[in-house]
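Visitor:
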Amino acid sequence: MGDGDDYVGSVPRRESIREEDFNFSGFMNRGTGQRECHPEMNIKGKIRECRDNPKHPETTPIAVIIDLTRSRGKDTMVVRRKIARLIGQIIKRSYLPGPTLSIGGVGDATDGDRAPVQIGQFEVGNILDRNLNEYLWIEEGGGGSGRESYELAAYAYATRTDLDANKRGKKGICIILGDEGFYPLVKKEQIKEHLGADVPADIPAAEAFRLLQEKYHVFFIYVRKPWTEHKKDVDKEIMDRVLKAGGMHGGVDVRASLLWNDYNDLDLHVISPSGEEIMFNHRRSRCGGELDVDRNAGGRETRKPIENIRWPKGKAPAGRYRVIVQNYNFHEDKRGPIPFKVEVEVNGEVKHFEGIAAPQGNETGSRSNIAVHDFEFDPEKRPGNKDQGDVYRQYGEEVVKAQWESVLPKDRIITIVDPEAVVDTMLGIVAGLGGVDLKTFISHLKSDGQSDVRMAQVSESLAEFFRALNVPKTAAPKLPSRQKKKPGKTKRLD
Numbered sequence: 073m074g075d076g077d078d079y080v081g082s083v084p085r086r087e088s089i090r091e092e093d094f095n096f097s098g099f100m101n102r103g104t105g106q107r108e109c110h111p112e113m114n115i116k117g118k119i120r121e122c123r124d125n126p127k128h129p130e131t132t133p134i135a136v137i138i139d140l141t142r143s144r145g146k147d148t149m150v151v152r153r154k155i156a157r158l159i160g161q162i163i164k165r166s167y168l169p170g171p172t173l174s175i176g177g178v179g180d181a182t183d184g185d186r187a188p189v190q191i192g193q194f195e196v197g198n199i200l201d202r203n204l205n206e207y208l209w210i211e212e213g214g215g216g217s218g219r220e221s222y223e224l225a226a227y228a229y230a231t232r233t234d235l236d237a238n239k240r241g242k243k244g245i246c247i248i249l250g251d252e253g254f255y256p257l258v259k260k261e262q263i264k265e266h267l268g269a270d271v272p273a274d275i276p277a278a279e280a281f282r283l284l285q286e287k288y289h290v291f292f293i294y295v296r297k298p299w300t301e302h303k304k305d306v307d308k309e310i311m312d313r314v315l316k317a318g319g320m321h322g323g324v325d326v327r328a329s330l331l332w333n334d335y336n337d338l339d340l341h342v343i344s345p346s347g348e349e350i351m352f353n354h355r356r357s358r359c360g361g362e363l364d365v366d367r368n369a370g371g372r373e374t375r376k377p378i379e380n381i382r383w384p385k386g387k388a389p390a391g392r393y394r395v396i397v398q399n400y401n402f403h404e405d406k407r408g409p410i411p412f413k414v415e416v417e418v419n420g421e422v423k424h425f426e427g428i429a430a431p432q433g434n435e436t437g438s439r440s441n442i443a444v445h446d447f448e449f450d451p452e453k454r455p456g457n458k459d460q461g462d463v464y465r466q467y468g469e470e471v472v473k474a475q476w477e478s479v480l481p482k483d484r485i486i487t488i489v490d491p492e493a494v495v496d497t498m499l500g501i502v503a504g505l506g507g508v509d510l511k512t513f514i515s516h517l518k519s520d521g522q523s524d525v526r527m528a529q530v531s532e533s534l535a536e537f538f539r540a541l542n543v544p545k546t547a548a549p550k551l552p553s554r555q556k557k558k559p560g561k562t563k564r565l566d
């Protein structure tokens, strides 16, 4: 653990940063051209420690894990701007002793992010500032799957942190920010690549979260977003890859796009109504279709490949089409099953499909062919404004929260509607674990000048958590004396 300056005195300075510092795109453009995980945030082969010391004889380790993918960039900026308030208020109000923060970042290891888990040392003061503002790499990855590698981050914090608090019979606090689900398994290959540890087999996500909860009180703050916003994230990943590769995404009658996330060479085939098959060695059909993007055909080109076959608007013939995915060749050092996604657009209606190429880990060529989707195209039938919500509901709030409820107590899953309220919500979690009741905590927000709207939002978000704590209500506390007596509290949670 570092020994940075206390945050109480630095709150006004950090709260007065220029407005452009709060802007996500401005922050991204200010950087140093970082294209990989900074050594100070790279957890591979390392242990992050939170040690008691003469200055802080009882430390409270607090881990904040931020989603660093495209969809949640604003959370990073809010935490960055207000982290001083979080530490300062914990100290000022004596919620818990010796608060010491580790900033973590999560991306998508399955979709090929280069830094899907970043973990900084437990710090306070200036070093924490550097971890958050200079060293944390906002990769903006993710693959539009509706999942991020939270399970890998959970396993990392469970196995790669050493807390003196645990030795005193206390737990740390781990707060995860996001709006998506997690993968069902922590892959042993990902543990090796990103944590530097060898394990004999994949680890169920539920086991990773169980291990995490042995060391920490774990919370998931769900930042509410309608499925229509998730739809934009899903569609944008495919669109970005197609357009960056020079393909046609819009203005089509029919389009099939294939996405996967490794160096292997998957091939997209579409059989047209005439029986003509568009593929890598027959890129243009007589009926106007074309394979205009073919990645990884020449070798290990990219870990974020895309293939795209399309008929421009007014060109696709009527009739029945078939979409096929083939594993043409393995380019990864180790052969294995290859997850993929296919997006099919017909007359403006979009559908998504997921599958596994080479499920046995060795199939190539025609014997690996998977028929993904058959459909009819009629140029005379244009769809109306059909609700496509069912295609994207897997990314919706009910589905995401149900998955988190399978690994965390329901009262530890906290929903907020305004990302700006995230730090006040985290502060309420710390206060509750320190024995403060909700009424007292809201009175603290009021004395700090928070708006009625913000206080109402935070109170609603935290109500179930505080009910579960069963902390009796007390009157608002008097100002603490030098012998700080904890106001409005009962026994702390270990």
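Residue numbers (our numbering): 73 to 566. Glycine included, C-beta positions come from ideal geometry on N, C-alpha and C.
Is Arg86 helix, strand or coil when you go by DSSP?
Guide: Residue confidence is low: Arg86 scores 35 on pLDDT, short of 50, so the model does not pin down where it sits. Its coordinate-derived value is still stated next. It is helical.
Visitor: At 3 residues or longer, what runs of the beta strand (DSSP E) sit wholly inside the stretch 342-384?
Guide: Qualifying beta strand (DSSP E) stretches, in chain order: 362-366, 378-384.
Visitor: What three-state label does DSSP hand Phe449 in the structure shown?
Guide: The answer is strand: DSSP assigns Phe449 an E or B state.
Visitor: Note down the Cα distance separating Gly98 from Ser523, rounded to an integer number of angstroms.
Guide: Note that Gly98 scores a pLDDT of 34, beneath 50, so its modelled location is shaky; the value from the coordinates is reported in the next line. Whole-angstrom Cα-Cα distance: 27 Å.
Visitor: Please report how far the alpha carbon of Leu499 lies from the alpha carbon of Ala181, in whole angstroms.
Guide: Spanning the two alpha carbons is a distance of roughly 30 Å.
Visitor: From Arg232, Ala429, Asp339, Arg358, pick the residue whose C-alpha is nearest to that of Val622; which is it?
Guide: The chain is shown from 73 up to 566; residue 622 falls before or after that span and cannot be answered.
Visitor: Compare the Cα-Cα distances from Glu220 to each of Val314, Leu208, Asp251, Lys243 and report the closest residue.
Guide: The residue with the shortest Cα to Cα distance from Glu220 is Asp251.
Visitor: What's the call for Ile119, buried or exposed, on a 16-neighbour Cβ count within 10 Å?
Guide: Exposed, since its Cβ has fewer than 16 Cβ neighbours within 10 Å.
Visitor: If contact is defined by three or more beta carbon pairs under 8 Å, each pair taking one atom from either stretch, is the stretch 417-437 in contact with the stretch 472-489?
Guide: With the cut-off at 8 Å, the stretch 472-489 and the stretch 417-437 do not touch.
Visitor: Alpha carbon to alpha carbon, what distance is there between Trp332 and Asp183?
Guide: Looking at the two C-alpha atoms, the distance is approximately 7 Å.
Visitor: Could you tell me the distance, in whole angstroms, from the CA atom of Asp325 to the CA atom of Glu421?
Guide: Their Cα atoms are separated by approximately 10 Å.
Visitor: Excluding sequence positions up to five away, which residues of its chain have a Cβ less than 7 Å from the Cβ of His403?
Guide: Once the five neighbours on either side are set aside, the close Cβ partners of His403 are Tyr335, Asn336, Asp337, Asn368, Gly371, Arg372.
Visitor: Give every residue of the same chain whose Cβ lies closer than 6 Å to the Cβ of Ile137, excluding the five residues on either side of it in the sequence, and list them in chain order.
Guide: Around Ile137: Gly176, Val178, Ala225, Ile248.
Visitor: For Ile488 versus Ser531, is the C-beta distance shorter than 8 Å?
Guide: Cβ distance not < 8 Å, so Ile488 and Ser531 don't count as in contact.
Visitor: In chain order, which beta strand (DSSP E) runs of at least 3 residues are fully inside the stretch 166-212?
Guide: The stretch 166-212 contains these whole beta strand (DSSP E) runs: 171-178, 189-191.
Visitor: Scan the stretch 214-282 and note each continuous beta strand (DSSP E) run of 3 residues or more that stays entirely inside, going in chain order.
Guide: Listed in chain order, the complete beta strand (DSSP E) runs (minimum 3 residues) inside the stretch 214-282 are 233-235, 244-250.
Visitor: Would you list the one or two residues that DSSP bridges to Trp332?
Guide: The partner list for Trp332 (beta bridge, DSSP) reads Phe412.
Visitor: Using a Cβ-Cβ cut-off of 7 Å (strictly less than) and excluding sequence neighbours within five positions of Pro377, which residues of its own chain qualify?
Guide: Closer than 7 Å at Cβ, skipping near neighbours: Trp332, Arg367, Asn368.
Visitor: For Ala237, count neighbouring Cβ atoms within 10 angstroms of its own Cβ and tell me buried if that reaches 16, exposed if not.
Guide: The residue in question, Ala237, is buried, as its Cβ has 16 or more Cβ neighbours within 10 Å.
Visitor: Hey, quick one: how far does the beta strand (DSSP E) through Phe538 stretch, first residue to last?
Guide: It is not in any beta strand (DSSP E) - Phe538 instead sits in the alpha helix (DSSP H) that spans 524-541.
Visitor: So Arg186 packs on Glu112, CB below 8 Å; how close in whole Å?
Guide: Between Glu112 and Arg186 the Cβ distance is about 16 Å, and since that is not below 8 Å, they are no contact.
Visitor: If you check the beta carbons only, do Ser329 and Asn380 fall under 8 Å apart?
Guide: Yes, Cβ-Cβ distance for Ser329 and Asn380 is below 8 Å.
Visitor: Could you pull the start and end residues of the alpha helix (DSSP H) that Phe513 belongs to?
Guide: Run containing Phe513: 510-519, per the alpha helix (DSSP H) assignment.
Visitor: What separation, rounded to the nearest whole angstrom, lies between the Cα atoms of Lys385 and Gly323?
Guide: Their backbone Cα atoms lie some 6 Å apart in a straight line.
Visitor: Is Gln432 helix, strand or coil when you go by DSSP?
Guide: Coil, per DSSP.
Visitor: Do you know how far the Cα of Arg296 is from the Cα of Lys413?
Guide: If I take the Cα positions, the gap works out to 25 Å.
Visitor: Give me the DSSP bridge partner(s) of Lys423.
Guide: Per DSSP, Val416.
Visitor: By alpha-carbon positions, which one of Glu452, Leu168, Ile134 ends up nearest to Gly504?
Guide: If we check each option's Cα against that of Gly504, Leu168 comes out closest.
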